[in-house]
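**Q** Protein sequence lines, in the order shown, are assigned to chains A and B. Under the UniProt record's numbering, the first residue of the first sequence carries the number 1, and numbering increases by one thereafter. Under the UniProt record's numbering, the first residue of the second sequence carries the number 1, and numbering increases by one thereafter.
Protein chains: 2
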Amino acid sequence: MSGVDLDVPTGTPAAVPTPQPGDPRLARLSLNQKTVNRLGVAEATDLCVRHGFGAIGLWREPVAEIGTARAARLVRDAGLRVSSLCRGGFLTAADEAGRTAALDDNRRAIDEAAALGTDTLVLVVGGLPAGSRDLAGARQRVADALAVLVPVAADAGVRLALEPMHPMFCADRGVLSTMEQSLAVAAPYPASQVGVVVDTYHVWWDPAAYQQIARAAGRIASFQVCDWVVPLPADTLLGRGMMGDGTIDFRSFRRAVDAAGYDGDIEVEIFNADVWAADPDAVAATVARRYVTEVLD
Amino acid sequence: MSGVDLDVPTGTPAAVPTPQPGDPRLARLSLNQKTVNRLGVAEATDLCVRHGFGAIGLWREPVAEIGTARAARLVRDAGLRVSSLCRGGFLTAADEAGRTAALDDNRRAIDEAAALGTDTLVLVVGGLPAGSRDLAGARQRVADALAVLVPVAADAGVRLALEPMHPMFCADRGVLSTMEQSLAVAAPYPASQVGVVVDTYHVWWDPAAYQQIARAAGRIASFQVCDWVVPLPADTLLGRGMMGDGTIDFRSFRRAVDAAGYDGDIEVEIFNADVWAADPDAVAATVARRYVTEVLD
Numbered sequence: 001m002s003g004v005d006l007d008v009p010t011g012t013p014a015a016v017p018t019p020q021p022g023d024p025r026l027a028r029l030s031l032n033q034k035t036v037n038r039l040g041v042a043e044a045t046d047l048c049v050r051h052g053f054g055a056i057g058l059w060r061e062p063v064a065e066i067g068t069a070r071a072a073r074l075v076r077d078a079g080l081r082v083s084s085l086c087r088g089g090f091l092t093a094a095d096e097a098g099r100t101a102a103l104d105d106n107r108r109a110i111d112e113a114a115a116l117g118t119d120t121l122v123l124v125v126g127g128l129p130a131g132s133r134d135l136a137g138a139r140q141r142v143a144d145a146l147a148v149l150v151p152v153a154a155d156a157g158v159r160l161a162l163e164p165m166h167p168m169f170c171a172d173r174g175v176l177s178t179m180e181q182s183l184a185v186a187a188p189y190p191a192s193q194v195g196v197v198v199d200t201y202h203v204w205w206d207p208a209a210y211q212q213i214a215r216a217a218g219r220i221a222s223f224q225v226c227d228w229v230v231p232l233p234a235d236t237l238l239g240r241g242m243m244g245d246g247t248i249d250f251r252s253f254r255r256a257v258d259a260a261g262y263d264g265d266i267e268v269e270i271f272n273a274d275v276w277a278a279d280p281d282a283v284a285a286t287v288a289r290r291y292v293t294e295v296l297d
Numbered sequence: 001m002s003g004v005d006l007d008v009p010t011g012t013p014a015a016v017p018t019p020q021p022g023d024p025r026l027a028r029l030s031l032n033q034k035t036v037n038r039l040g041v042a043e044a045t046d047l048c049v050r051h052g053f054g055a056i057g058l059w060r061e062p063v064a065e066i067g068t069a070r071a072a073r074l075v076r077d078a079g080l081r082v083s084s085l086c087r088g089g090f091l092t093a094a095d096e097a098g099r100t101a102a103l104d105d106n107r108r109a110i111d112e113a114a115a116l117g118t119d120t121l122v123l124v125v126g127g128l129p130a131g132s133r134d135l136a137g138a139r140q141r142v143a144d145a146l147a148v149l150v151p152v153a154a155d156a157g158v159r160l161a162l163e164p165m166h167p168m169f170c171a172d173r174g175v176l177s178t179m180e181q182s183l184a185v186a187a188p189y190p191a192s193q194v195g196v197v198v199d200t201y202h203v204w205w206d207p208a209a210y211q212q213i214a215r216a217a218g219r220i221a222s223f224q225v226c227d228w229v230v231p232l233p234a235d236t237l238l239g240r241g242m243m244g245d246g247t248i249d250f251r252s253f254r255r256a257v258d259a260a261g262y263d264g265d266i267e268v269e270i271f272n273a274d275v276w277a278a279d280p281d282a283v284a285a286t287v288a289r290r291y292v293t294e295v296l297d
């Protein structure tokens with residue numbers, strides 16, 4: 001069970017009115033496209049406009065379905081910002097062919113981000129290559145790849161946003177496991193060129209999370225929210241919950257990134273089969289309301 | 001799928017002979033009773049003797065089935081050490097009744113450990129109370145409970161062993177998530193009274209793991225091994241793999257605890273439905289062989 005409570009249209013005694021389009025509280029709210037996984041760029045863009053979101057977080061695959069230029073125009077004409085492009089990364093291959101393919105793919109992702117008008121390319125750095133137990137080696141290869149990609153991104157006006165992943169994903173998805181570690185990898189580069197993603201789902205457990213968010217001042221490239229809900233589902237990739245359904249204290253995290261000077265968009269990114277199956281308008285309305293009740297003051 | 005490869009009796013071309021009872025390489029090897037979950041204390045003890053293990057890690061529930069005195073006698077008569085008793089803890093209740101009940105239960109666990117002749121009581125400290133998002137508060141309550149329990153344990157000659165749990169279990173099982181954090185909670189007490197558990201499954205992902213193991217010198221109360229196997233099963237509690245089936249570099253961790261001066265038993269603790277369903281003699285033989293090939297030099 002997912003813990004998703006799409007409390008539209010039934011509401012609850014404690015429910016607040018759903019914020020309407022034009023509500024200034026929604027100005028920084030961004031819908032990451034993955035939250036409405038069945039929708040293409042056009043449909044997701046319309047949904048954001050219909051519900052008053054200020055921005056959208058795009059994914060490369062649905063963008064590729066209609067072409068980068070068309071996607072860029074759709075979002076621009078809708079008056080939305082592109083808060084980020086997901087995702088580059090997967091930079092841990094140990095063989096030369098894998099390494100070259102990954103760098104080429106990331107160069108394309110940088111170009112796509114620039115064409116879409118976002119300065120933020122989220123990097124999920126990749127897990128251990130099949131059969132490998134060399135975690136330190138994989139982490140080093142991420143740093144090595146960054147040395148190649150940062151100048152390319154800087155030329156394109158794109159900031160690479162390192163996303164520390166929950167340690168549950170260390171083996172197969174992302175060997176950067178903490179904010180502290182991600183900041184260390186970013187440190188050799190200007191903050192304008194390499195930032196970090198603060199995703200509540202990935203960092204909420206970290207005893208050093210608030211301290212590291214303070215240290216990240218100037219480097220926070222994206223702030224993403226979704227909740228930790230137990231028990232985890234069979235596919236742990238799809239365990240993310242709607243804000244308010246789980247164990248994360250979003251308000252404290254939002255205040256921490258505020259205090260670190262972050263004033264960019266706040267992306268709601270929910271990988272969850274029940275959310276994906278639900279009516280997108282109900283999802284968007286719930287996201288807007290929970291954003292107001294759980295994330296803002 | 002669990003990734004378990006019980007390569008007895010088929011073996012593989014690369015298989016080494018199974019170490020036999022009396023093999024000095026097995027002197028520090030301990031079978032945590034949970035690895036053969038269907039067996040009672042008597043059967044698990046016999047199994048350890050049959051396969052030449054030097055010690056056994058006991059759990060309170062199967063001990064209670066036959067009584068602490070009888071369990072102690074069985075293990076002593078078999079010539080085995082009790083490497084640890086699992087487990088006390090669950091100290092995060094926010095209400096007075098829950099807190100009192102937890103302290104009482106831990107006092108009983110301390111008495112049981114002493115009666116069983118082990119100086120190590122493993123503490124799984126507990127997750128967030130239902131409905132709570134106050135992670136810092138839960139962590140503080142662990143520290144507060146420890147202040148009550150440490151003198152009780154010290155009087156009984158028992159060392160409390162704080163087990164940092166993988167962050168995947170932070171919400172519902174253990175709010176101590178790293179070695180560093182556990183060492184900070186242990187710091188006010190003598191190392192002889194409060195130690196930490198190094199369980200490869202819980203700490204392998206931590207960028208600071210080796211550094212913190214070095215810092216833990218003198219405080220390492222237990223070293224436990226089992227592997228991280230992806231994908232995780234539907235019940236993430238049962239995802240632990242046989243050493244060699246996953247992504248963990250055991251030899252490096254064993255060398256690190258060696259270098260930190262740990263010379264106690266090395267416990268194999270595998271929560272895994274397939275391992276539990278297998279023939280216990282095949283499990284014990286595989287554990288002994290994998291211990292030699294994956295953990296020792």
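For glycine and all other residues, C-beta sits at the position ideal for the given N, C-alpha and C.
Would you list, in sequence order, the uninterrupted beta strand (DSSP E) runs of no fewer than 3 residues that lie entirely inside the stretch 152-234 of chain A?
**A** For the stretch 152-234 of chain A, whole beta strand (DSSP E) runs of length 3 or above, ordered along the chain, are 159-162, 194-199, 220-225.
**Q** For residue 128(B), would you say it is in contact with chain A, using Cβ-to-Cβ distances shorter than 8 Å as the test?
**A** Walking along the second sequence from the start, residue 128(B) turns up at place 128. At least one chain A Cβ lies under 8 Å of residue 128(B).
**Q** Kindly say whether residue 9(B), judged by its beta-carbon, lies nearer than 8 Å to any beta-carbon of chain A.
**A** Residue mapping note: residue 9(B) aligns to position 9 of the second sequence, counting from 1. Reliability of the predicted coordinates at residue 9(B) is poor, the pLDDT of 42 falling under 50, and the value obtained from them is presented with this limitation in mind. By this cut-off, residue 9(B) is not an interface position.
**Q** Which value, in whole angstroms, describes the spacing of the CA atoms of residue 258(B) and residue 95(A)?
**A** In the second sequence, the residue the question calls residue 258(B) occupies position 258. In the first sequence, the residue the question calls residue 95(A) occupies position 95. Each residue's alpha carbon lies about 33 Å from the other.
**Q** Can you give me the C-alpha to C-alpha distance between residue 309(A) and residue 267(A), rounded to a whole angstrom?
**A** There is simply no residue 309(A) to check, as chain A begins at 1 and stops at 297 in what is shown.
**Q** Which residues, in chain order, does the stretch 226-249 of chain B contribute to contact with chain A at a C-beta distance below 7 Å?
**A** Taking 7 Å as the Cβ-Cβ cut-off against chain A, the residues of the stretch 226-249 of chain B that qualify are 228, 230, 232, 234, 236, 247, 248, 249.
**Q** Beta carbon of residue 185(B), beta carbon of residue 142(B): below 8 Å?
**A** Along the second sequence, read from residue 1 onward, the residue named residue 185(B) stands at position 185. Along the second sequence, read from residue 1 onward, the residue named residue 142(B) stands at position 142. Cβ atoms of residue 185(B) and residue 142(B): closer than 8 Å.
**Q** Taking only runs that begin and end inside the stretch 26-91 of chain A, name each unbroken alpha helix (DSSP H) of 4 or more residues, in chain order.
**A** For the stretch 26-91 of chain A, whole alpha helix (DSSP H) runs of length 4 or above, ordered along the chain, are 41-51, 60-66, 68-77.
**Q** May I ask you to verify whether the stretch 67-79 of chain B touches the stretch 41-50 of chain B, counting CB pairs closer than 8 Å and requiring at least 3?
**A** At 8 Å Cβ cutoff, the stretches touch.
**Q** Does the distance from the C-beta atom of residue 295(A) to that of residue 240(A) stay below 8 Å?
**A** Sequence index remark: in the first sequence, residue 295(A) carries index 295 (1-based). Sequence index remark: in the first sequence, residue 240(A) carries index 240 (1-based). No, Cβ-Cβ distance for residue 295(A) and residue 240(A) is not below 8 Å.
**Q** Do the CB positions of residue 133(A) and residue 183(A) come within less than 8 Å of each other?
**A** In the first sequence, counting from the first residue as 1, residue 133(A) sits at position 133. In the first sequence, counting from the first residue as 1, residue 183(A) sits at position 183. No, the Cβ-Cβ distance between residue 133(A) and residue 183(A) is not below 8 Å.
**Q** Once the 5 residues before and after residue 237(A) are set aside, which same chain residues still bring their CB inside 7 Å of it?
**A** Within the first sequence, the letter at position 237 stands for residue 237(A). The answer, listed in chain order, is 271.
**Q** If you run the structure through DSSP and keep just helix, strand and coil, what is residue 9(A)?
**A** The sequence position of residue 9(A) within the first sequence is 9, counting from 1. Low confidence applies here, because residue 9(A) scores a pLDDT of 42, under 50, leaving its location unreliable and the question unanswered by this model.
**Q** Residue 172(B) touches chain A at which residues, Cβ-Cβ below 7 Å?
**A** Walking along the second sequence from the start, residue 172(B) turns up at place 172. Within chain A, the residues near residue 172(B) are 230.
**Q** Can you look up residue 18(B) in the DSSP assignment and give me helix, strand or coil?
**A** Along the second sequence, read from residue 1 onward, the residue named residue 18(B) stands at position 18. Coil, per DSSP.
**Q** So, helix, strand or coil for residue 122(B), using DSSP?
**A** By one-based count along the second sequence, residue 122(B) stands at place 122. Reduced to three states, the DSSP call for residue 122(B) is strand.
**Q** For residue 207(A), go through chain B and note every residue whose CB falls closer than 7 Å to its CB, in chain order.
**A** For the purposes of this step, residue 207(A) is taken as the residue at position 207 of the first sequence. Under the 7 Å cutoff, chain B gives 177, 178, 181.
**Q** Return helix, strand or coil for residue 294(A), following the three-state DSSP convention.
**A** Translated into the one-based positions of the first sequence, residue 294(A) becomes position 294. It is helical.
**Q** Please check if any C-beta of chain A sits within less than 8 Å of the C-beta of residue 291(B).
**A** Taking the first residue of the second sequence as position 1, residue 291(B) is located at position 291. No, residue 291(B) lies away from the interface with chain A (no Cβ there is under 8 Å from its Cβ).
**Q** Let's test the definition: count the other Cβ atoms within 10 Å of the Cβ of residue 155(A) and tell me whether it reaches 16, buried, or not, exposed.
**A** Residue mapping note: residue 155(A) aligns to position 155 of the first sequence, counting from 1. Exposed, by the Cβ-count rule.
**Q** In chain order, which continuous runs of the alpha helix (DSSP H) of length 4 or greater are located wholly inside the stretch 228-294 of chain B?
**A** 250-259, 273-277, 280-290, all fully within the stretch 228-294 of chain B.
**Q** Is there at least one Cβ from chain A nearer than 8 Å to residue 167(B)'s Cβ?
**A** The residue you call residue 167(B) lines up with position 167 of the second sequence. Yes, because at least one Cβ of chain A sits closer than 8 Å to the Cβ of residue 167(B).
**Q** Alpha carbon to alpha carbon, what distance is there between residue 107(A) and residue 27(A)?
**A** Position 27 of the first sequence holds residue 27(A). Position 107 of the first sequence holds residue 107(A). Whole-angstrom Cα-Cα distance: 31 Å.
**Q** List the residues of chain B whose Cβ lies closer than 7 Å to the Cβ of residue 133(A), in chain order.
**A** Within the first sequence, the letter at position 133 stands for residue 133(A). Here the neighbours are 247, 248, 249.
**Q** Residue 279(B): beta carbon under 7 Å from a heavy atom of the ligand GTP?
**A** This structure simply doesn't include the ligand GTP, nor any ligand for that matter.
**Q** Only counting the same chain, and skipping five residues up and downstream in sequence, which positions put a Cβ closer than 8 Å to that of residue 135(A)?
**A** If you number the first sequence from 1, residue 135(A) lands on position 135. If we look at residue 135(A) and ignore the five residues flanking it on each side, its Cβ neighbours are 128, 170, 175.
**Q** May I have the straight-line CA-CA distance separating residue 247(A) from residue 158(B), to the nearest angstrom?
**A** Your numbering for residue 247(A) matches position 247 in the first sequence. Your numbering for residue 158(B) matches position 158 in the second sequence. C-alpha separation (whole angstroms): 34 Å.
**Q** When you compare each of 188(B), 242(B), 206(B), 256(B) to residue 213(B) by their alpha carbons, which one comes out closest?
**A** For the purposes of this step, residue 213(B) is taken as residue 213 along the second sequence, with counting starting at 1. Of 188(B), 242(B), 206(B), 256(B), the residue nearest in Cα terms is 256(B).
**Q** Quick one, which of 211(A), 165(A), 117(A), 274(A) has its alpha-carbon nearest residue 139(A)'s?
**A** Residue mapping note: residue 139(A) aligns to position 139 of the first sequence, counting from 1. The option with the nearest alpha carbon to residue 139(A) is 165(A).
**Q** Just how far apart, CA to CA, sit residue 305(B) and residue 227(A)?
**A** Because chain B here runs from 1 to 297, residue 305(B) falls outside it and cannot be looked at.
**Q** With DSSP collapsed to three states, give me the class of residue 24(A).
**A** For this step, residue 24(A) is matched to residue 24 along the first sequence. DSSP places residue 24(A) in helix when its eight states are reduced to three.
**Q** Among the residues of its own chain, which have a CB less than 7 Å from the CB of residue 262(B), if the five just before and after it don't count?
**A** If you number the second sequence from 1, residue 262(B) lands on position 262. Counting only Cβ-Cβ distances below 7 Å, and skipping sequence neighbours, we find 220, 223.
**Q** What separation, rounded to the nearest whole angstrom, lies between the Cα atoms of residue 211(A) and residue 230(A)?
**A** Position 211 of the first sequence, counted from the start, is the residue given in the question as residue 211(A). Position 230 of the first sequence, counted from the start, is the residue given in the question as residue 230(A). Computed Cα separation, rounded: 26 Å.
**Q** In three-state DSSP terms, what is residue 98(B)?
**A** One-based indexing of the second sequence puts residue 98(B) at position 98. Residue state, collapsed to three classes: helix.
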